[in-house]
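Novice: Read in my numbering, the sequence shown has 360 at position 215, and its numbers run on one by one without any break. To start, I am sharing the structure in question, which I have written as structure tokens.
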Amino acid sequence: MSFHMKNALARRGFAGATAALFAVMAPVAHAEWKLNMTEGVSILSKEIYGLHMTIFWWCVAIGIVVFGAMIYSLVKFRKSQGAKADTTLVHSTKVEIIWTVIPIAILVAMAIPTAKGLIQIEDMGNVALNIKVTGYQWKWEYEYLNEDVRFFSTLKRDSNAARQLGSGIDPKSVPNYLLDVDNPLVVPAGTKIRFLLTAQDVIHAWWVPAFGMKKDAIPGYVNEIWVQVDADKVGTYRGQCAELCGQDHGFMPIVVEVKSPAEYDTWLRAKQAEQKLAGNPSPTAVASAAPAVTQQ
């Protein structure tokens with residue numbers, strides 16, 4: 146067989162393998178394909194989304210003006226149309242002032258709503274509920290401060306069984322595979338909630354995309370974020386640890402059930418009674434016995 150024939154066959158084989166690979170990946174890529182960030186269900190997530198879209202359309206307008214001027218100049222004043230370079234214009238103070246002032250004005254216009262958003266993110270006033278979140282390898286602990294409720298939230302057993310090597314369980318048969326827990330966090334809709342984030346061992350990160358917020362949970366420190374879900378956005382929202390924290394980092398999901406205030410009160414009373422019967426120690430007593438945590 147000649148060299149050229151071998152080369153042609155090799156190219157065909159490579160092309161076939163590439164086509165097969167893309168055919169296998171196509172459904173997955175299609176499932177994950179998104180062109181924009183999601184709006185979310187909390188006050189902050191909507192503010193962040195609105196700021197994102199504002200800056201995006203400003204950038205689109207700037208791109209249209211800049212590239213439009215470039216394309217027009219390339220087409221209108223091309224050499225084939227007899228255009229000749231103007232060698233007399235070597236300096237213009239007026240032009241330099243214009244192209245300096247305009248970008249500064251644009252940046253200031255972008256900075257004002259951005260600064261407003263950052264201030265709003267850090268505003269911890271008028272908080273109605275405080276929840277301490279502690280990250281562990283590989284689970285979360287939730288403590289409702291002053292409510293005598295605390296519990297661990299761990300990967301649900303069906304997901305944990307399916308992820309084991311040689312389990313023989315098809316992950317597609319498990320609902321919300323790797324995104325479900327045994328004890329979800331429950332919060333009331335329409336209520337401003339402050340989350341106090343820390344960790345027991347290594348750095349974790351608490352992240353629920355629908356809330357628009359992510360924060361590191363660092364041993365020895367307390368970070369804080371606040372979330373207020375719209376009153377009409379009752380439902381279940383899922384997230385994950387977003388900081389590489391060890392070999393099982395991918396197996397510590399976050400599940401938050403947002404209930405109406407009445408349903409939340411019913412759940413809270415039932416949880417308090419359950420933990421009282423179980424003889425769990427008071428979170429206040431545990432907190433007083435634990436070493437002090439420095440706020441970051």
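Glycine is no exception: its CB is placed at the ideal position from the N, C-alpha and C atoms.
(1) Starting from M215 and walking both ways along the alpha helix (DSSP H), at which residues does that stretch end?
(2) Using a Cβ-Cβ cut-off of 6 Å (strictly less than) and excluding sequence neighbours within five positions of A228, which residues of its own chain qualify?
(3) Got a sec? Which residues, its chain only, sit under 6 Å from Y443 by beta carbon, not counting five neighbours each side?
(4) Answer with buried or exposed for P406, where buried requires no fewer than 16 other C-beta atoms within 10 angstroms of its C-beta.
(5) Out of A350, L189 and T183, state which residue places its alpha-carbon closest to the alpha-carbon of T336.
(6) What does the Cβ neighbour count give for A206, buried or exposed, with the cut at 16 atoms within 10 Å?
(7) At what residue ranges does the stretch 244-324 contain a whole run of the alpha helix (DSSP H), taking only runs of 4 or more?
(8) Three or more C-beta pairs under 8 Å: does that hold for the stretch 339-349 against the stretch 413-423?
(9) Thinking just about the alpha-carbon of each residue, which of Y409, S304, T279 and I348 is nearest to the one in N321?
(10) Check for me: the beta strand (DSSP E) holding L330 runs from which residue to which?
(11) With a CB to CB cut of under 8 Å and the five nearest residues on each side skipped, what residues in its chain are close to Q373?
(12) Among K301, G357 and W285, whose alpha-carbon lies nearest the alpha-carbon of L196?
(13) Straight-line CA distance for E184 to Y194?
(14) Taking C-alpha atoms, which residue in A250, E369 and M255 lies nearest to F201?
(15) Using only CA atoms, which one of G395, E408, P398 and I370 lies nearest to D268?
(16) Which two residues bound the contiguous beta strand (DSSP E) that contains T381?
(17) State the start and end residues of the unbroken alpha helix (DSSP H) segment that holds P354.
(18) Where do the ends of the alpha helix (DSSP H) carrying L342 lie?
(19) A155: buried (16+ other C-beta within 10 angstroms of its C-beta) or exposed?
(20) So, using beta-carbon positions, are V278 and W351 closer together than 7 Å?
(21) Can you give the Cα-Cα distance for K108 and K301, rounded to whole angstroms?
(22) State the DSSP-derived secondary structure class of K239, mapped to helix, strand or coil.
(23) Buried or exposed, going by whether 16 or more other CB atoms sit within 10 Å of the CB of A362?
(24) Would you tell me roughly how many angstroms separate the C-alpha atoms of E288 and M182, rounded to the nearest one?
(25) Excluding the five sequence neighbours on either side, which residues of its own chain have a C-beta within less than 8 Å of the C-beta of I399, listed in chain order?
(26) Can you tell me where the alpha helix (DSSP H) with K416 in it begins and where it stops?
(27) Does P333 pass the burial test, meaning 16 or more other C-beta atoms within 10 Å, or should it be called exposed?
(28) For K317, which residues of its own chain have a beta-carbon under 7 Å away from its beta-carbon, when the five flanking residues on both sides are left out?
Specialist: Well, looking at it:
(1) The residue labelled residue 215 in the question sits at position 70 within the sequence shown. Its alpha helix (DSSP H) spans residues I188 to K221.
(2) In the sequence shown, counting from the first residue as 1, residue 228 sits at position 83. F222, listed in sequence order.
(3) The chain is shown only over 146 to 441; residue 443 falls outside these bounds and no answer can be derived.
(4) Locating residue 406 in the sequence shown gives position 261, where the first residue counts as 1. Exposed, by the Cβ-count rule.
(5) On the sequence shown, position 191 is the one that residue 336 refers to. Here the closest residue by C-alpha is L189.
(6) As a first step, residue 206 must be located in the sequence shown, where it is residue number 61. Exposed.
(7) 302-307
(8) no
(9) Counting from 1 along the sequence shown, the entry for residue 321 is found at position 176. Answer by Cα proximity: S304.
(10) For the purposes of this step, residue 330 is identified with residue 185 of the sequence shown, where counting begins at 1. First-last of the beta strand (DSSP E) with L330: L330 to P333.
(11) In the sequence shown, counting from the first residue as 1, residue 373 sits at position 228. S187, I188, L189, G335, T336, K337 and I338, listed in sequence order.
(12) The residue labelled residue 196 in the question sits at position 51 within the sequence shown. Ranking the options by Cα distance to L196, first place goes to G357.
(13) The residue given as residue 184 occupies position 39 in the sequence shown. The residue given as residue 194 occupies position 49 in the sequence shown. For E184 and Y194, the distance between alpha carbons rounds to 5 Å.
(14) Taking the first residue of the sequence shown as position 1, residue 201 is located at position 56. Residue M255 is the option with its Cα nearest to F201.
(15) Residue mapping note: residue 268 aligns to position 123 of the sequence shown, counting from 1. Closest by alpha carbon: I370.
(16) To locate residue 381, count along the sequence shown from 1; it is residue 236. Run containing T381: G380 to C386, per the beta strand (DSSP E) assignment.
(17) Translated into positions along the sequence shown, residue 354 becomes position 209. Note, P354: premise wrong, no alpha helix (DSSP H); not H, not E.
(18) Sequence index remark: in the sequence shown, residue 342 carries index 197 (1-based). No alpha helix (DSSP H) contains L342, which is instead part of the beta strand (DSSP E) from I338 to A344.
(19) Residue mapping note: residue 155 aligns to position 10 of the sequence shown, counting from 1. Any answer about A155 is weak, because its pLDDT of 46 lies below 50 and its placement is not dependable; what the coordinates show is given next. Label assigned to A155: exposed.
(20) Indexing the sequence shown from 1 puts residue 278 at position 133. Indexing the sequence shown from 1 puts residue 351 at position 206. For V278 and W351, yes; Cβs fall inside 7 Å.
(21) Because the chain in this structure spans residues 146 to 441, residue 108 falls outside the shown range and cannot be described.
(22) Numbered from 1 along the sequence shown, position 94 holds the residue referred to as residue 239. Here K239 sits in helix by DSSP.
(23) Residue mapping note: residue 362 aligns to position 217 of the sequence shown, counting from 1. A362 comes out buried.
(24) Numbered from its first residue, the sequence shown carries residue 288 at position 143. Numbered from its first residue, the sequence shown carries residue 182 at position 37. Each residue's alpha carbon lies about 31 Å from the other.
(25) To locate residue 399, count along the sequence shown from 1; it is residue 254. Result list for I399: W285, S298, V326, L330, W351, W352, V353, R383, G384, Q385 and C386, in chain order.
(26) Reading the sequence shown from its first residue, position 271 is the one you call residue 416. Note, K416: alpha helix (DSSP H), P406 to A423.
(27) For the purposes of this step, residue 333 is taken as the residue at position 188 of the sequence shown. The residue is buried, with at least 16 neighbouring Cβ atoms inside 10 Å.
(28) Here residue 317 refers to the residue found at position 172 when the sequence shown is read from its first residue. Result list for K317: empty, nothing under 7 Å.
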